[in-house]
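With the first letter of the sequence shown counted as 1, position 159 gets the number 153 in my numbering; the numbers rise by one all the way through. Cβ atoms here follow ideal geometry from the backbone N, Cα and C, with glycine treated the same way. Nothing here was measured: the structure is a model prediction, and the numbers come from that model. One structure is given below, encoded as structure tokens.
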Amino acid sequence: MKKSPSSRRGRASREADALIEFAEGLAQSGSRAEDHFWESRLEREIESLLKNGDEGSLNAALDRLADRESRAYEELADAIEGRVEHALAATSDGDRDVLLFAAPVLAWSRMPLPTRPIPAAIVKSTRQALMESVFTAAADVTLANYLFSPDQLPETFCDTAELRQTLTQTLSEGLFKVDPASLKETAQFLADQRYIIGVVSAPRGEAIFRWQSGDASREQVAERWVQVSQEALAPLLPACAFESMLPRAYYVACRDADRSARPFSIRASVAFLATTLGVTPNALVAVIGGCYNRQLEEYRIGFAVAEEEEVIHGVVWPLLGAEDEMSDVAEEIETTLRDTGLQRILMLRQRLPMEYCDDCGAPLYPNEDGEMVHAELPEVAEQPSQHLH
Ligand SMILES: [Zn+2]
């Protein structure tokens, strides 16, 4: 599962100092007039750093504000993400807003989940489906012809801004051809996110999404998209169960997907185990444990068949955003498990290490004794993922 863009320690620089000054000014501002002043300073500085590919200064400023636990951190992160995904483009029809967006899909399969080029006909039908159900009539849409895994999304702010610019240049054709050789390999999970990425443009200041124009509510748009995308995307995801999520601006869509993928993975795992082993969910046991580096990083859930010792499957539930050990995350995991029909759920109290298999790199999962072990499906069951060996 994709984590937020890596925060590498950047060097102190005049550029980073300026970002911090403007973000703190914005955080402490007491009026809309002052907000505008700091926002426009911040935007200009971010724009010039993105243009120069100066990722280091952007990250240095974020790191320093994160260390101070300052509200300015949120302001700066918002400003950077906002600038990366959005721009104004001058056209013969006047200025247009250009926005990078993502249409996330949650999918699971006993076969490896695909990441693949999207054939031109499916790009066309998907683009059509987006224009009819999600975007307003005045909007133009172009799509990258690739179904991305989380590992294959751009890693840095500068790379993401570059993707937005590259896509923008293909608005007239409606399709950007991705070079698959430029993309990373994908870690395989039973359940994971996949993304359709594109750019939408609309006349400056006008509605981009249908819910902005008053034609439909956000829920109605989501419902319609779920319907039409099932048909449009099914050929890309053979032998997969999948749920389409609401297409939104790039960063918020990715965060929506990260959050929804957690309970989705649990539901997928229970459905998979129940059908593969031919048991009902109440024959399964789940062991939930918190895994720590310096602090709580994620929960790992080991699944076993009741009265048997071996952990047969596991799910990682990463902490997101501001979540920490004080959050109600463990309760949320337990509720999700109960809703799938599990009755035997063990919550470990001890701190577990973030351990991985030395051979294949798969995460290890807790058993009932709190030991971190390799999940292995019994021989009779079909092997679902490359993590099993
Ligand atoms: Zn292994």
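By the three-class DSSP mapping on this structure, what secondary structure does residue i have?
i, result
"Met348", "coil"
"Thr130", "coil"
"Met341", "strand"
"Ile260", "helix"
"Glu167", "coil"
"His30", "helix"
"Met366", "strand"
"Thr85", "strand"
"Ser321", "coil"
"Ala298", "strand"
"Gln159", "helix"
"Ile327", "helix"
"Phe183", "coil"
"Ser143", "coil"
"Ile384", "Missing from the structure shown is residue 384; the chain here goes from -5 to 383 and no further."
"Cys354", "coil"
"Glu303", "coil"
"Ala175", "helix"
"Glu373", "coil"
"His381", "In this predicted model, His381 has a pLDDT of only 49, less than 50, meaning its place in the structure is not dependable; the value taken from the coordinates is given anyway. Coil at His381, not helix or strand."
"Arg332", "helix"
Please classify residue i: is it buried, with 16 or more other beta-carbons within 10 angstroms of its beta-carbon, or exposed?
i, result
"Tyr350", "exposed"
"Cys354", "exposed"
"His30", "exposed"
"Pro372", "exposed"
"Leu82", "exposed"
"Ser25", "exposed"
"Ala155", "buried"
"Asn276", "exposed"
"Pro144", "buried"
"Pro357", "buried"
"Arg294", "buried"
"Pro257", "buried"
"Gln214", "exposed"
"Met239", "buried"
"Asp252", "buried"
"Lys(-3)", "Annotation note: pLDDT 41 at Lys(-3) (below 50); position unreliable, no value reported."
"Glu9", "buried"
"Gln344", "exposed"
"Arg38", "exposed"
"Pro347", "exposed"
"Gln289", "exposed"
When every heavy atom of ligand 2 is checked, does at least one fall within less than 6 angstroms of the C-beta of residue i?
i, result
"Ser263", "Absent from the structure shown: ligand 2. Ligands present: ligand 1."
Pop quiz: residue i and residue j are said to be a contact at Cβ under 8 angstroms. What is the actual Cβ separation, rounded to whole angstroms?
i, j, result
"Ala185", "Trp102", "4 angstroms"
"Leu44", "Arg77", "7 angstroms"
"Ser51", "Ser86", "At roughly 35 angstroms, the Cβ-Cβ gap does not stay under 8 angstroms, so Ser51 and Ser86 are not in contact."
"Leu141", "Ile112", "6 angstroms"
"Val367", "Val305", "5 angstroms"
"Leu271", "Leu336", "About 14 angstroms separates the two Cβ atoms, so there is no contact after all."
"Ala196", "Ile202", "5 angstroms"
"Val193", "Thr130", "Their Cβ separation, rounded to whole angstroms, is 15 angstroms, which puts Val193 and Thr130 out of contact at 8 angstroms."
"Pro241", "Ala97", "4 angstroms"
When the cut-off is 7 angstroms and only beta carbons count, does residue i lie next to chain D?
i, result
"Glu370", "Note that chain D does not occur in the displayed structure, where there is just one protein chain."
Problem - Sequence-ordered residues whose beta carbon comes within less than 5 angstroms of a heavy atom of ligand 1 - result: The answer, residue by residue, is Cys351, Asp353, Cys354, Ala356.
Exercise for the section: Any chance you could list the alpha helix (DSSP H) runs of at least 4 consecutive residues sitting entirely within the stretch 4 to 75, in chain order? Expected result: 8 to 22, 26 to 45, 49 to 61
Problem - Entirely enclosed alpha helix (DSSP H) segments - the stretch 189 to 256, minimum 4 residues - result: Considered as a whole, the stretch 189 to 256 harbours 204 to 207, 212 to 227 as its complete alpha helix (DSSP H) runs of no fewer than 4 residues, in chain order.
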